[in-house]
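Engineer:
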Ligand code: 2NL
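Residue numbers (the working numbering): 61 to 414.
Written as structure tokens, this is what we have:
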């Protein structure tokens with residue numbers, strides 16, 4: 061591969077060196093990018109196989125006194141090519157940087173893209189408000205399972221099999237012996253009584269299920285919040301005081317309240333708790349059926365049999381309990397006329413609560 065250097069004289073070698081330089085400089089000048097410059101560097105100055113190295117092999121055949129002279133020319137040529145390469149590299153480098161800077165420009169004055177912000181569902185927001193208020197009275201929030209048993213959903217709540225009161229809850233059953241979808245969150249309270257000892261202040265929000273024909277007031281899935289307080293000497297006076305405070309916190313301090321007799325198998329006595337109609341404040345209103353009152357929850361003193369089923373001695377402890385439909389509360393707070401919108405998932409509805 062190595063070519064035998066031919067016999068050359070000083071003038072020829074000098075001319076060839078200068079020709080090399082004169083050929084290299086315009087090519088360096090017009091190289092398009094750093095990669096092309098790298099290739100030219102190797103082509104002209106490469107230690108092995110570079111054009112300059114090739115010519116320098118001729119130096120050995122010159123007379124000794126000519127060698128330093130040609131050395132000077134070699135250095136001139138190398139320096140000229142080297143300098144041209146360095147300058148061209150600088151230009152190509154800053155051109156590349158300029159191009160990158162131009163391409164990556166950020167306009168800090170451009171308007172920001174709008175962030176689509178989520179929000180709590182009105183059911184969730186209402187549950188949070190209710191648990192916040194009762195939290196201030198010392199109630200702790202618990203959750204129970206949605207698939208329950210006949211024992212905890214009915215029997216331990218003083219609703220035996222074939223009891224006529226079962227007609228009040230049109231139950232959805234699970235294909236598993238004794239299992240059902242809870243019709244209220246009360247079975248969760250039974251679980252709390254089994255897990256804790258008095259004093260108990262428990263709040264139980266959650267999804268419930270009933271086999272219903274759906275209309276503006278009924279859905280087969282809905283939410284409840286139940287409360288349970290068990291302690292020595294707990295009385296109906298405690299129930300009344302805490303529920304009135306709750307109504308004032310949720311609907312405003314001036315809200316009128318009343319208790320009426322009610323019926324539940326798991327409480328005795330049982331009551332219905334009404335607030336003065338928020339729409340009219342008096343009789344003759346379509347929102348409250350002309351009475352001027354709206355029922356917001358049911359409550360009562362926990363039946364002694366239910367305390368017993370919960371493992372609590374009814375001779376020593378008494379309790380009150382209440383339950384409210386979350387949709388109903390949310391509808392009153394936001395003026396929503398139909399329960400079906402809560403589970404439709406229609407963004408036009410949900411976006412109003414941002
Ligand atoms: C309603 C009425 C109520 C209860 C729920 C309850 C739970 C236990 C013992 C006794 Cl473990 N009672 N819960 C009591 C009275 C009423 O709910 O209409 N809710 C929507």
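Think of the CB as a built atom: it goes at the ideal place given N, C-alpha and C, for glycine as much as any other residue.
Pick out whichever of 401, 112, 250 and 308 has its Cα sitting closest to the Cα of residue 370.
Structural biologist: It is 250.
Engineer: Quick check: the stretch 140-152 against the stretch 170-177, are there 3 or more CB pairs under 8 Å?
Structural biologist: no
Engineer: To test your reading of the DSSP string, which unbroken beta strand (DSSP E) runs of 3 or more residues are found completely within the stretch 295-370?
Structural biologist: Runs found: 317-324, 327-336 and 353-362.
Engineer: Counting C-beta neighbours from all protein chains within 10 Å, is the total for residue 132 16 or more, i.e. buried, or is it exposed?
Structural biologist: With fewer than 16 Cβ atoms within 10 Å of its Cβ, residue 132 is classed as exposed.
Engineer: Any chance the CB of residue 402 is under 7 Å from a heavy atom of ligand 1?
Structural biologist: no
Engineer: DSSP on residue 231, reduced to helix/strand/coil?
Structural biologist: coil
Engineer: By how many angstroms is the C-alpha of residue 127 removed from the C-alpha of residue 82?
Structural biologist: Rounded to whole angstroms, the separation of the alpha carbons of residue 127 and residue 82 is 22 Å.
Engineer: Residue 206 to residue 283, Cα distance in whole Å?
Structural biologist: Just so you know, the alpha carbons of residue 206 and residue 283 end up roughly 11 Å apart.
Engineer: So what's residue 239 in DSSP terms, helix, strand or just coil?
Structural biologist: strand
Engineer: Buried or exposed: residue 258, going by 16 or more other Cβ atoms within 10 Å of its Cβ?
Structural biologist: buried
Engineer: Look at the alpha carbon of residue 248 and the alpha carbon of residue 362, and state the distance between them as a whole number of angstroms.
Structural biologist: Going from the Cα of residue 248 to the Cα of residue 362 covers about 14 Å.
Engineer: Under 8 Å, with one C-beta from each stretch per pair, do the stretch 233-245 and the stretch 350-364 reach the 3-pair mark?
Structural biologist: When C-beta atoms of the stretch 233-245 are compared with those of the stretch 350-364, fewer than three pairs fall below 8 Å, so the two segments do not count as touching.
Engineer: I'd like to check one pair, residue 377 with residue 298: are the Cβ atoms closer than 8 Å?
Structural biologist: For residue 298 and residue 377, no; Cβs fall outside 8 Å.
Engineer: Apart from the five residues on each side of it in sequence, which residues of its chain come closer than 7 Å, Cβ to Cβ, to residue 372?
Structural biologist: 253, 258 and 290
Engineer: Reducing DSSP to helix, strand and coil, say where residue 89 ends up.
Structural biologist: helix
Engineer: When the Cα of residue 97 is compared with those of 105, 330 and 88, which residue comes out closest?
Structural biologist: 88
Engineer: Using the DSSP secondary-structure output, state which residues sit across from residue 266 in a beta bridge.
Structural biologist: 284
Engineer: If you reduce the DSSP assignment to three classes, tell me which class residue 256 lands in.
Structural biologist: coil
Engineer: Starting from residue 95, trace the alpha helix (DSSP H) both ways and give me its first and last residue.
Structural biologist: Boundaries of the alpha helix (DSSP H) harbouring residue 95: 94-105, taken from the DSSP string.
Engineer: Check residue 185 in the structure and name its three-state DSSP category.
Structural biologist: Three-state result, residue 185: helix.
Engineer: Would a C-beta distance cut-off of 8 Å place residue 74 and residue 130 closer than the cut-off?
Structural biologist: yes
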